[in-house]
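A.B. asks:
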């Protein structure tokens, strides 16, 4: 009896190994589908651009305005990950957002992602225009909204791209606390080579 039960247990090991291989293979397919990009890969584009800008260290001309007070700056010392961080927040390629946006193509070179009325997310709209030659992005615009009982924030942005690299970008909007007036702001940056 002991010999039979030992032999049966030994026979189960290859079967168990096969089951684990199949489960691991299915898990790998699931992981691949989770990383599949349903919408334009804004985060991937920005990651590549941050690496490019960190390497080349271009000069920028930056103008900030808050409540009508304007500040201007020209520099090559830029923390690009922080500088382009707002745009990374507009990435809608998250597994949880898979069915949250409607995709429209007003023409063959434009993609528009609009938040469905039933959804409540920060990114309201993301639009990407491509060039006709190599189908690379030439302009990315978007709208981010955040509202609750205490706070209201609106940020509209635009990124201009030439030959695969950002040449300028701007953000405008306002912030408002429930007990205060709106605080409008703008940021405009031109990247010079």
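Numbering (my numbering), first residue to last: 12 to 204.
Using N, Cα and C, we set each Cβ at its ideal position, and we do this for glycine too.
How should residue 107 be labelled, buried or exposed, when 16 other C-beta atoms within 10 angstroms of its C-beta is the threshold for buried?
C.D. replies: Translated into positions along the chain shown, residue 107 becomes position 96. That one is exposed.
A.B. asks: Tell me residue 199's beta-bridge partners as DSSP assigns them.
C.D. replies: In the chain shown, the residue the question calls residue 199 occupies position 188. In the DSSP output, where bridge partners are listed per residue, residue 199 has 74 and 181.
A.B. asks: Please tell me whether residue 182 and residue 156 are closer than 8 Å, where the distance is taken between their beta carbons.
C.D. replies: One-based indexing of the chain shown puts residue 182 at position 171. One-based indexing of the chain shown puts residue 156 at position 145. The answer is no: Cβ separation not under 8 Å.
A.B. asks: Compute the Euclidean distance between the alpha carbons of residue 55 and residue 204, then round it to the nearest angstrom.
C.D. replies: Reading the chain shown from its first residue, position 44 is the one you call residue 55. Reading the chain shown from its first residue, position 193 is the one you call residue 204. Distance between the alpha carbons of residue 55 and residue 204 is about 22 Å.
A.B. asks: CB residue 168 to CB residue 122, shorter than 8 Å?
C.D. replies: Position 157 of the chain shown, counted from the start, is the residue given in the question as residue 168. Position 111 of the chain shown, counted from the start, is the residue given in the question as residue 122. With contacts defined as CB atoms closer than 8 Å, residue 168 and residue 122 fail to qualify as a contacting pair.
A.B. asks: What residues match up with residue 82 in a beta bridge as DSSP calls it?
C.D. replies: Locating residue 82 in the chain shown gives position 71, counting from the first residue. Residue 82 pairs with 75.
A.B. asks: What are the boundary residues of the beta strand (DSSP E) that includes residue 150?
C.D. replies: Residue 150 sits at position 139 when you count from the first residue of the chain shown. Element bounds for residue 150: 148–158.
A.B. asks: Using the rule of at least 16 other Cβ atoms within 10 Å of the residue's Cβ for burial, across every protein chain shown, is residue 119 buried or exposed?
C.D. replies: Translated into positions along the chain shown, residue 119 becomes position 108. With fewer than 16 other Cβ atoms inside 10 Å of its own Cβ, residue 119 counts as exposed.
A.B. asks: Quick one: grab the DSSP three-state call for residue 69.
C.D. replies: Start at 1 with the first residue of the chain shown, and residue 69 comes out as number 58. Here residue 69 sits in coil by DSSP.
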